[in-house]
Each structure stands twice: as structure tokens, then as C-alpha cells.
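Numbered per the numbering used here, the sequence shown finishes at 345, counting up by one with no gaps.
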Amino acid sequence: MTAGVVDRTSRHVAVLGSGSWGTTFAAVLADAGCEVRVWTRRPEIATEVAAHRTNERYLPGVRLPDGVSATTDAAEAVSGARLVVAAIPSQSARDTLAPFRALVADDAVVVSLMKGVELGTDRRMSQVLEEVLGVPPERLVVVSGPNLAGEIAARQPTATVVSSVGAGAASEVAAACSTPYFRPYTNADVVGVELCGAAKNVIALVVGVAQGRGYGFNTMATVITRGLVEITRLGLVLGAHVETFSGLAGMGDLMATCASPQSRNHRLGRHVGEGMSLDDAVVATGGTAEGVKSCRSILELAERHGVEMPITQAAVAMFHEGRSVDEITRALIGRPQKPETSG
Ligand SMILES: NC(=O)c1ccc[n+]([C@@H]2O[C@H](COP(=O)([O-])OP(=O)(O)OC[C@H]3O[C@@H](n4cnc5c(N)ncnc54)[C@H](O)[C@@H]3O)[C@@H](O)[C@H]2O)c1
Ligand SMILES: O=P(O)(O)OC[C@H](O)CO
Numbered sequence: 003m004t005a006g007v008v009d010r011t012s013r014h015v016a017v018l019g020s021g022s023w024g025t026t027f028a029a030v031l032a033d034a035g036c037e038v039r040v041w042t043r044r045p046e047i048a049t050e051v052a053a054h055r056t057n058e059r060y061l062p063g064v065r066l067p068d069g070v071s072a073t074t075d076a077a078e079a080v081s082g083a084r085l086v087v088a089a090i091p092s093q094s095a096r097d098t099l100a101p102f103r104a105l106v107a108d109d110a111v112v113v114s115l116m117k118g119v120e121l122g123t124d125r126r127m128s129q130v131l132e133e134v135l136g137v138p139p140e141r142l143v144v145v146s147g148p149n150l151a152g153e154i155a156a157r158q159p160t161a162t163v164v165s166s167v168g169a170g171a172a173s174e175v176a177a178a179c180s181t182p183y184f185r186p187y188t189n190a191d192v193v194g195v196e197l198c199g200a201a202k203n204v205i206a207l208v209v210g211v212a213q214g215r216g217y218g219f220n221t222m223a224t225v226i227t228r229g230l231v232e233i234t235r236l237g238l239v240l241g242a243h244v245e246t247f248s249g250l251a252g253m254g255d256l257m258a259t260c261a262s263p264q265s266r267n268h269r270l271g272r273h274v275g276e277g278m279s280l281d282d283a284v285v286a287t288g289g290t291a292e293g294v295k296s297c298r299s300i301l302e303l304a305e306r307h308g309v310e311m312p313i314t315q316a317a318v319a320m321f322h323e324g325r326s327v328d329e330i331t332r333a334l335i336g337r338p339q340k341p342e343t344s345g
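Written out as C-alpha cells, the structure is:
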């Protein structure tokens with residue numbers, strides 16, 4: 003990190019990543035009164051934001067507030083930023099963000115918007131940021147909740163969870179992103195909030211598969227409910243707080259992602275359920291469906307801790323082991339009988 007000191011009276015925020023959520027969150031921050039510089043690896047996006055105040059590729063039809071600018075220059079993006087927000091696909095975060103270590107100011111607060119678990123290390127995104135940027139946990143913040151970018155970019159009302167072991171950092175980020183349509187709640191359960199954000203993507207994939215296969219609301223409710231059970235089971239073993247799973251980052255985000263056709267995970271699952279190959283489904287979906295890769299790292303994490311996650315295991319079997327939807331359905335429904343309350 004630089005010896006640079008952040009001016010805490012400034013409202014300058016850097017957002018690293020110009021995809022749908024990075025750009026939308028930049029707009030939220032600007033609506034809340036921040037001056038936001040988005041770092042993009044694509045020069046055409048920086049030019050478009052300056053010329054037209056749009057990012058049509060990732061947020062079609064949305065006009066960005068005047069407080070949002072974009073640059074391909076990493077140093078320019080983070081210079082003087084009191085908050086640095088990371089919105090890169092999880093599996094690319096480590097490599098993409100490494101060059102920022104020397105640029106982010108020593109006392110900046112770093113925020114993760116990312117919902118995934120890194121393949122190969124099974125690290126949550128705040129753990130990756132801690133390692134890559136050298137930021138201590140009390141200055142790391144996770145934002146997660148029922149936050150479909152398109153709806154928020156249209157300024158539809160929603161709430162979110164701003165989680166950190168540093169109470170001051172969580173409050174600072176909550177204040178920076180609070181608007182008449184976006185309501186942040188603070189929380190100290192980083193493990194639970196991050197795990198919910200990553201694992202619900204896997205459940206949404208499976209719900210999408212079921213819908214693509216032609217199954218209705220009973221199947222959807224079954225997958226969502228048992229999905230929450232298995233996410234909670236892993237979370238508790240990892241030290242998360244039980245209340246988080248019924249909150250916005252848990253049940254809230256699970257409902258939004260599993261129910262909305264806007265969700266990329268849901269859409270990708272639906273394509274596969276309709277019979278498309280995974281490769282074609284990735285192309286047809288567009289954007290990042292984090293659950294496809296994170297299902298493997300989450301299952302690995304669960305196996306390492308002796309936790310059963312049959313729906314996540316089903317996702318791995320369908321997306322990575324060539325098992326058919328019908329075969330997996332039979333296996334899930336035919337699991338040994340047990341009391342519902344046994345977890
Ligand atoms: N879109 C949403 O509604 C939403 C909401 C909440 C959280 N999230 C999470 O936010 C994170 C970012 O998602 P998004 O929706 O902005 O994704 P996106 O697919 O819309 O955009 C990804 C961004 O990262 C860049 N990028 C992609 N691959 C890269 C690479 N290899 N190296 C460097 N940059 C790369 C792209 O150019 C783009 O700017 C994900 O973890 C996602 O789960 C998304
Ligand atoms: O489009 P998805 O599936 O990445 O989901 C977006 C958000 O995570 C919903 O909160």
C-alpha cells in the first residue's frame with residue numbers, strides 16, 4: 003500500500019469493475035452524494051460514460067448520475083479514495099485486483115460486492131481481498147442482499163446488509179450508500195453474509211434447472227427451503243450467526259435470485275433445464291453466473307468440514323460431471339428418510 007492518507011472529509015469512492023453491479027452501485031453511491039470513479043478495463047466504457055452517461059453493455063437504458071465518472075487508469079481511479087469497492091467476478095478477483103495493492107491508500111476502507119468462493123483456495127471474497135490488498139478485517143466490508151442490479155438501477159426500493167467486524171467501517175459504508183431507494187442495515191457476521199451471497203447462486207441455478215425442466219412452484223419451494231437448510235448448516239459450522247440466514251443476505255437474497263428471471267444464475271439454470279449444453283447456456287445468459295464455478299468450491303468447503311449439501315452436490319453433478327437432470331432429481335428425492343428438523 004502507499005503511504006497516502008485519505009482525506010476523510012472527501013466523498014470520493016473508487017469502484018473497481020464496470021459490470022452491471024459495479025456500475026449500479028456506483029450510481030447508488032453518487033445518488034447518496036459521493037463522487038465516484040469507476041475503474042474499467044474497457045476504454046470504450048470510459049468513453050461512453052464521459053460522452054453519454056451510459057454503460058449500455060451492462061446497464062441498457064440507464065442514465066448514470068453526474069457524480070459517476072470512469073477511467074481505465076487504476077491510479078487515477080483510487081487516488082484519494084476513502085472507500086474502494088470491488089465488483090469483479092470472483093474467480094478473476096485475485097489477479098485483477100493485485101496491482102491495486104500499491105495504489106490503495108493505507109487507511110482506506112475496502113468493500114466487496116462479490117458473491118463467490120474462490121476455486122482452488124475455497125476463500126470467501128473478503129479473505130481474498132485481505133490477502134491481495136493487505137487490508138485488515140476491521141477495514142473490510144461486505145455488501146450483500148436481495149440486490150438485482152437492474153431493479154436498483156431503476157431506483158426501485160430495496161434493502162441490503164453492510165457487514166464488517168469493524169463497526170466503524172460498516173457504518174461508514176452504510177452512510178455512503180444510503181439513498182431514498184436503497185436502505186443498508188449493518189451487521190457483524192461477515193462469514194454468514196458472504197456465505198449466503200455465494201451459496202444462494204447455486205440454489206438459484208438448481209431452481210432454474212427445475213423450472214426449465216417444467217416443474218412448478220412446489221419444486222421451487224422445496225429447493226429454496228432445503229437450500230437454505232444446507233447453507234445454514236455449513237454457515238454454522240464455519241462460525242456464522244443463525245439470524246443471518248433468515249435475514250436479507252440469507253432468505254432475502256435467496257428469494258430474489260431464485261424467483262427473478264433477471265438473475266443470471268436462475269437464467270443459466272433454466273437454459274440447462276431446457277436441454278442446452280453448459281457452454282451454450284453461458285453464452286445465452288451473458289454476464290457472470292457465479293454459481294457455476296462456486297458450486298465446486300462451496301462443495302469442497304462443505305466436504306472439508308463434514309457438512310452435507312445435497313443440492314449443491316446436485317449442481318456440481320449436473321454442471322460439471324455430465325449427470326442428467328432426471329437422474330439427479332431421482333437421487334435427491336430418493337435420499338434416505340429423516341426428520342425435517344434434523345437439519
Ligand atoms: N449483477 C447483479 O445484480 C449483482 C448483484 C449483487 C452482487 N453481484 C456480484 O457482483 C460481482 C460482479 O458482478 P457483475 O454483475 O457486476 O458482473 P458483470 O458480468 O456484469 O461484470 C463483470 C465486470 O468485471 C469485468 N471482468 C470480467 N472478467 C474479468 C477479468 N477476467 N478480469 C478483469 N475484469 C473482468 C468485466 O469487464 C465487467 O466490468 C459478482 O460477484 C456478482 O455475483 C452482482
Ligand atoms: O444475477 P445474479 O444471479 O448474479 O444475482 C444477482 C444478485 O446477486 C441478486 O442479489
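Note that beta-carbon positions come from the ideal geometry of N, C-alpha and C, so glycine has one too.
Whole-number beta carbon distance between A161 and R185, since they are thought to touch under 8 Å:
Taking the first residue of the sequence shown as position 1, residue 185 is located at position 183. Taking the first residue of the sequence shown as position 1, residue 161 is located at position 159. Right, the Cβ-Cβ distance comes to about 4 Å (below 8 Å), so this counts as a contact.
With burial defined as no fewer than 16 other Cβ atoms inside 10 Å of the residue's Cβ, what is the status of A5: buried or exposed?
Taking the sequence shown and counting its residues from 1, one reaches residue 5 at position 3. Low per-residue confidence applies at A5: pLDDT is 40, beneath 50, and the placement is therefore not dependable, though the value from the model is reported in the following sentence. So A5 counts as exposed.
Would you tell me roughly how many angstroms separate the C-alpha atoms of R235 and V167, rounded to the nearest one?
Taking the first residue of the sequence shown as 1, we reach residue 235 at position 233. Taking the first residue of the sequence shown as 1, we reach residue 167 at position 165. Rounded to whole angstroms, R235 to V167 spans 22 Å at the Cα level.
Simplified DSSP assignment, three categories, for T49:
For the purposes of this step, residue 49 is taken as the residue at position 47 of the sequence shown. DSSP places T49 in helix when its eight states are reduced to three.
For ligand 1, I want to know if M253 counts as a neighbour, meaning its beta carbon is within less than 7 Å of at least one of the ligand's heavy atoms.
By 1-based counting over the sequence shown, the position of residue 253 is 251. Outside the cutoff, so no.
A104 - DSSP class collapsed to helix/strand/coil
In the sequence shown, counting from the first residue as 1, residue 104 sits at position 102. Three-state DSSP puts A104 in a helix.
Is V38 near A32, with beta carbons less than 8 Å apart?
As a first step, residue 38 must be located in the sequence shown, where it is residue number 36. As a first step, residue 32 must be located in the sequence shown, where it is residue number 30. In contact: V38 and A32 (Cβ atoms closer than 8 Å).
Can we count L115 as close to ligand 4, meaning its CB is less than 7 Å from some heavy atom?
With respect to ligand 4, the structure offers nothing, as its ligand set consists of ligand 1 and ligand 2.
P312 - DSSP class collapsed to helix/strand/coil
One-based indexing of the sequence shown puts residue 312 at position 310. Three-state DSSP puts P312 in a helix.
With DSSP collapsed to three states, give me the class of A5.
In the sequence shown, counting from the first residue as 1, residue 5 sits at position 3. Because A5 carries a pLDDT of 40, less than 50, the predicted location of this residue cannot be relied on, and the following value inherits that uncertainty. Coil at A5, not helix or strand.
Could you tell me which whole alpha helix (DSSP H) segments of length 4 or greater appear in the segment 213 to 273?
219 to 239, 255 to 261
Under DSSP, the alpha helix (DSSP H) around E153 begins and ends at which residues?
For the purposes of this step, residue 153 is taken as the residue at position 151 of the sequence shown. Here the alpha helix (DSSP H) through E153 covers 151 to 155.
Note down the Cα distance separating L121 from L280, rounded to an integer number of angstroms.
Locating residue 121 in the sequence shown gives position 119, counting from the first residue. Locating residue 280 in the sequence shown gives position 278, counting from the first residue. Approximately 18 Å, taken between the alpha carbons.
Between the CA atoms of V51 and R65 - distance to the nearest angstrom:
Taking the first residue of the sequence shown as position 1, residue 65 is located at position 63. Taking the first residue of the sequence shown as position 1, residue 51 is located at position 49. Distance between the alpha carbons of R65 and V51: 9 Å.
In whole angstroms, give me the CA-to-CA distance for A206 and D124.
Along the sequence shown, one-based indexing puts residue 206 at 204. Along the sequence shown, one-based indexing puts residue 124 at 122. Answer to the nearest angstrom: the Cα atoms are 20 Å apart.
I think V86 touches L18, with their Cβ atoms under 8 Å apart; what is that distance to the nearest whole Å?
Along the sequence shown, one-based indexing puts residue 86 at 84. Along the sequence shown, one-based indexing puts residue 18 at 16. That belief holds up - the Cβ atoms of V86 and L18 are roughly 7 Å apart, short of 8 Å.
Of the residues D255, T246, K202, which one's Cα is nearest the Cα of E292?
Sequence index remark: in the sequence shown, residue 292 carries index 290 (1-based). Of the listed residues, the one whose Cα sits closest to E292 is K202.
For ligand 1, is there a heavy atom less than 7 Å away from the beta-carbon of I226?
Residue 226 sits at position 224 when you count from the first residue of the sequence shown. Not under cutoff, so the answer is no.
Rounded to the nearest angstrom, what separates R44 and A53 at their Cα positions?
Looking up residue 44 in the sequence shown gives position 42. Looking up residue 53 in the sequence shown gives position 51. So the alpha carbons of these two residues sit roughly 15 Å apart.
With a cut-off of 8 Å on the beta carbons, I'd call V113 and A88 a contact; round off their distance for me.
Residue numbering aside, residue 113 sits at position 111 when the sequence shown is read from its first letter. Residue numbering aside, residue 88 sits at position 86 when the sequence shown is read from its first letter. Confirmed, Cβ separation roughly 7 Å.
8 Å Cβ cutoff met for G254 and G147
Here residue 254 is taken as the residue at index 252 of the sequence shown, counted from 1. Here residue 147 is taken as the residue at index 145 of the sequence shown, counted from 1. Against a cut-off of 8 Å, the Cβ pair of G147 and G254 comes out as a contact.
Is any heavy atom in ligand 2 found nearer than 7 Å to the beta carbon of S279?
Translated into positions along the sequence shown, residue 279 becomes position 277. For ligand 2, not one heavy atom lies less than 7 Å from the Cβ of S279.
Could you tell me which residues DSSP puts in a beta bridge with L142?
Reading the sequence shown from its first residue, position 140 is the one you call residue 142. V112.
With three or more beta-carbon pairs closer than 8 Å as the criterion, would you say the segment 263 to 281 touches the segment 298 to 311?
no
Just checking G194 against ligand 1 - is the residue's beta carbon closer than 7 Å to any of the ligand's heavy atoms?
In the sequence shown, the residue the question calls residue 194 occupies position 192. Because no heavy atom of ligand 1 lies under 7 Å away, the Cβ of G194 does not count as near it: no.
Rounded distance between the beta-carbons of V80 and C179, thought under 8 Å:
Counting from one through the sequence shown, the residue named residue 179 turns up at place 177. Counting from one through the sequence shown, the residue named residue 80 turns up at place 78. Not really, about 18 Å apart at Cβ, beyond 8 Å.
Between the segment 99 to 113 and the segment 129 to 146, are three or more C-beta pairs nearer than 8 Å?
yes
Take S262 as the anchor and find which of H243, L238, G210 has the nearest alpha-carbon.
One-based indexing of the sequence shown puts residue 262 at position 260. The shortest C-alpha separation from S262 is found at G210.
Using the rule of at least 16 other Cβ atoms within 10 Å of the residue's Cβ for burial, across every protein chain shown, is S326 buried or exposed?
Along the sequence shown, one-based indexing puts residue 326 at 324. When all chains shown are included, S326 counts as exposed.
Using the C-alpha atoms, what's the distance from A200 back to T227?
Within the sequence shown, the letter at position 225 stands for residue 227. Within the sequence shown, the letter at position 198 stands for residue 200. Their Cα atoms are separated by approximately 16 Å.
Nearest-angstrom Cα separation, counted from R266 out to G288
The sequence position of residue 288 within the sequence shown is 286, counting from 1. The sequence position of residue 266 within the sequence shown is 264, counting from 1. Approximately 8 Å, taken between the alpha carbons.
Please report the straight-line C-alpha distance between L238 and A48, rounded to a whole angstrom.
As a position in the sequence shown, residue 238 is number 236, starting the count at 1. As a position in the sequence shown, residue 48 is number 46, starting the count at 1. One C-alpha to the other measures close to 43 Å.
Are V204 and A172 closer than 8 Å when you measure CB to CB?
Taking the first residue of the sequence shown as 1, we reach residue 204 at position 202. Taking the first residue of the sequence shown as 1, we reach residue 172 at position 170. In this structure, A172 does not lie closer than 8 Å to V204 by Cβ.
Closest residue to E232 among F219, G216, G252 (Cα-Cα distance):
Taking the sequence shown and counting its residues from 1, one reaches residue 232 at position 230. Nearest of F219, G216, G252 to E232, Cα basis: G252.
Excluding the 5 residues flanking Q339 on each side, which residues of the same chain have their C-beta closer than 7 Å to its C-beta?
If you number the sequence shown from 1, residue 339 lands on position 337. Around Q339: no qualifying Cβ.
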